[in-house]
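Numbering (this note's numbering), first residue to last: 303 to 715.
We treat Cβ as the ideally placed atom computed from N, Cα and C, and that holds for glycine.
In what follows, a structure is listed as structure tokens, so that the remarks can point back to it.
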Amino acid sequence: MPHVVTVFLRHGGRVLLARRSEAVGTYQGRWAGVSGYVEGDPADAERDARRELAEEVGVREADAELVRAGEPLAVADEGREWTVHPFLFDAGSRDVDPNEELAEVEWVHPTEMRERETVPGLWAAYRRVAPGVETVADDEAHGSAWISLRALEVLRDAAVEADSRDALASVARRLRDARPSMAAVENRVNRVMAESGPDPESVRQRAEAAIDDAAEADGAAAARAAELIGDRGYDRLATLSRSGTVLAALEASAVAEAAVLVAESRPGGEGVGVAERLARGGRNATLTTDAALPGLVAGGEADAVFLGADSVLASGGVVNKVGSLPVALAAARADVPVFAVCARDKVRGDDRFVGENAGTLYDGEAAIETANPLFEVVSADLLSGVVTESGVLDADGVEAVAAEHAALAARDD
Numbered sequence: 303m304p305h306v307v308t309v310f311l312r313h314g315g316r317v318l319l320a321r322r323s324e325a326v327g328t329y330q331g332r333w334a335g336v337s338g339y340v341e342g343d344p345a346d347a348e349r350d351a352r353r354e355l356a357e358e359v360g361v362r363e364a365d366a367e368l369v370r371a372g373e374p375l376a377v378a379d380e381g382r383e384w385t386v387h388p389f390l391f392d393a394g395s396r397d398v399d400p401n402e403e404l405a406e407v408e409w410v411h412p413t414e415m416r417e418r419e420t421v422p423g424l425w426a427a428y429r430r431v432a433p434g435v436e437t438v439a440d441d442e443a444h445g446s447a448w449i450s451l452r453a454l455e456v457l458r459d460a461a462v463e464a465d466s467r468d469a470l471a472s473v474a475r476r477l478r479d480a481r482p483s484m485a486a487v488e489n490r491v492n493r494v495m496a497e498s499g500p501d502p503e504s505v506r507q508r509a510e511a512a513i514d515d516a517a518e519a520d521g522a523a524a525a526r527a528a529e530l531i532g533d534r535g536y537d538r539l540a541t542l543s544r545s546g547t548v549l550a551a552l553e554a555s556a557v558a559e560a561a562v563l564v565a566e567s568r569p570g571g572e573g574v575g576v577a578e579r580l581a582r583g584g585r586n587a588t589l590t591t592d593a594a595l596p597g598l599v600a601g602g603e604a605d606a607v608f609l610g611a612d613s614v615l616a617s618g619g620v621v622n623k624v625g626s627l628p629v630a631l632a633a634a635r636a637d638v639p640v641f642a643v644c645a646r647d648k649v650r651g652d653d654r655f656v657g658e659n660a661g662t663l664y665d666g667e668a669a670i671e672t673a674n675p676l677f678e679v680v681s682a683d684l685l686s687g688v689v690t691e692s693g694v695l696d697a698d699g700v701e702a703v704a705a706e707h708a709a710l711a712a713r714d715d
């Protein structure tokens, strides 16, 4: 039985579908992912997946990050049988260069597969790599903007398979409960459920619109922060953890020679990947320890600090990865501005702070209690502003957005 790879390339909640041309031997004119035969050991099918990405759509290894390799599935059609190895990659952009095997390509919501004439088993292959509630609950490597998009994708995909809105309401509750500290998950899921009709199809449509809106808002917030860096001439920056929005701002900044201090962000080490990506993009990145970053900022090694935000409290404080508060305090001592960068959807409708634990610190036999929080609050008085898609918000601006989100949550009660 031959083995093939099917690659789903994702950007901003949409995936790339390709219509097979007359240059291929099978399923001409049908829609598929990026696909091809496994030429070696099926256990190393990722190599074939990356080869097909490069050959069929011109996406190099540096341009796509592997998200998930799904369990292989057997597909049979008209006397043919083969084993499909599904993969999901996140693309850095939607720029692709299709070869002669593809008649056309489109970036679409995956649910579109159910409406088109596709190669056999395409939707089933996608579901093997699609995000689930556990993706939202267990991810410790990405920021809440990324995770909230995954939550909306879960709701969207569930809507095409659900037989009632009640079933989707249950999924929505599970998503909100999965990451109670992340306001973007709650606000974005609430908006879909509050603004959709009584049937699953209306939830699907609203979720798809919400995904596109959220991706645009996150990108716009990053663009605003990049403009701020350029306008104020900041050329020594500091950050920590892995905020996709902050990373996008740093990459987009016109101050190309800016030096960026990046804390490693224990225990997950997300900052290492941030420093690597900045360096690969030609930026001047310095990786340091969480403990050292406050001293470096206080010692004059940064002109500005840029933080992500898992949530923004109604009072204007920011909930972010532990280590943010010492950096903000050090910045205040050195008169260095501190900005949080995020979409408005990260503003909570209240001041509730739900902490998460990063795991045990001690497994010995002594009677020692441990405290290992994952998040902490940077109060509003330590912030120079919250940079969003609609501009820089002060505490009063945050309070106004919080009122909107509180009303939204009330509509979904």
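Exposed or buried, what is residue i when buried is set at 16 or more other beta-carbons lying within 10 Å of its beta-carbon?
i: A540; result: buried
i: N401; result: exposed
i: M415; result: buried
i: D637; result: exposed
i: M303; result: exposed
i: S472; result: exposed
i: S395; result: exposed
i: D592; result: buried
i: E380; result: exposed
i: R316; result: buried
i: R349; result: exposed
Just to confirm, are residue i and residue j a CB contact at a threshold of 9 Å?
i: L631; j: T590; result: no
i: P388; j: L368; result: no
i: R312; j: R322; result: no
i: A516; j: A447; result: yes
i: E691; j: A519; result: yes
i: V431; j: L477; result: no
i: A480; j: V487; result: yes
i: A551; j: A577; result: no
i: D514; j: G342; result: no
i: A712; j: L685; result: no
i: A461; j: V505; result: yes
i: R467; j: P433; result: no
i: G575; j: A443; result: yes
i: A325; j: V361; result: no
i: A682; j: R635; result: no
i: P628; j: L595; result: yes
i: A704; j: V649; result: yes
i: A554; j: N586; result: no
Looking at the secondary structure, which residues open and close the alpha helix (DSSP H) in which residue i lies?
i: D533; result: P502 to R534
i: D441; result: First-last for D441: undefined, no H or E at that position.
i: N492; result: A485 to E497
i: D652; result: Taken as a continuous stretch (DSSP letters only), D652 belongs to no alpha helix (DSSP H), as it is neither H nor E.
i: R476; result: R467 to A480
i: R316; result: Taken as a continuous stretch (DSSP letters only), R316 belongs to no alpha helix (DSSP H), being part of the beta strand (DSSP E) at R316 to R322.
i: L710; result: A697 to R713
For the beta strand (DSSP E) containing residue i, list its first residue and its last residue.
i: D392; result: R382 to A393
i: A432; result: Element bounds for A432: n/a, residue is neither H nor E.
i: T541; result: R538 to L542
i: H313; result: H305 to H313
i: E408; result: L404 to V410
i: V688; result: G687 to T690
i: V716; result: Shown here, the chain extends from 303 to 715; a query on residue 716 therefore has no answer.
i: R370; result: A366 to A371
Among the options, whose alpha-carbon lies nearest the alpha-carbon of residue i?
i: A405; options: L319, E383, V505 and G394; result: L319
i: T588; options: G571, A550 and E566; result: E566
i: E358; options: R349, V336, V574 and P344; result: V336
i: D346; options: G314, E363, R316 and V307; result: V307
i: A556; options: G573, R650 and A525; result: A525
i: L440; options: V505, N659 and L549; result: Contrary to the premise, residue 440 reads as Asp rather than Leu in this sequence. For D440, the nearest C-alpha among the options comes from N659.
i: R538; options: V607, P569 and V505; result: V607
i: M484; options: A511, R452, G597 and R506; result: R452
i: C644; options: D683, V689, E678 and F677; result: V689
i: D652; options: A356, E671, D397 and L615; result: L615
i: V548; options: R534, E603 and G521; result: G521
i: R544; options: P596, D698 and G625; result: G625
i: E436; options: V421, L457 and G499; result: L457
i: E706; options: E383, A633, R582 and R493; result: R493
i: L710; options: G532, E419, G535 and R490; result: R490
i: P639; options: D365, G602 and T385; result: G602
i: G546; options: R382, G610 and G499; result: G610
i: R370; options: D605, Y428 and R534; result: Y428
What runs of the beta strand (DSSP E), each 3 residues or longer, lie entirely inside the segment 582 to 618?
Unbroken beta strand (DSSP E) runs of no fewer than 3 residues, entirely contained in the segment 582 to 618, are found at 586 to 590 and 606 to 609, following chain order.
In chain order, each alpha helix (DSSP H) run of at least 4 residues that lies wholly inside the segment 334 to 364
You should have 347 to 359.
Suppose only complete runs of 3+ residues qualify. What are the beta strand (DSSP E) ranges in the segment 543 to 574, listed by chain order?
Entirely contained in the segment 543 to 574, the beta strand (DSSP E) runs reaching 3 residues are, in chain order, 561 to 565.
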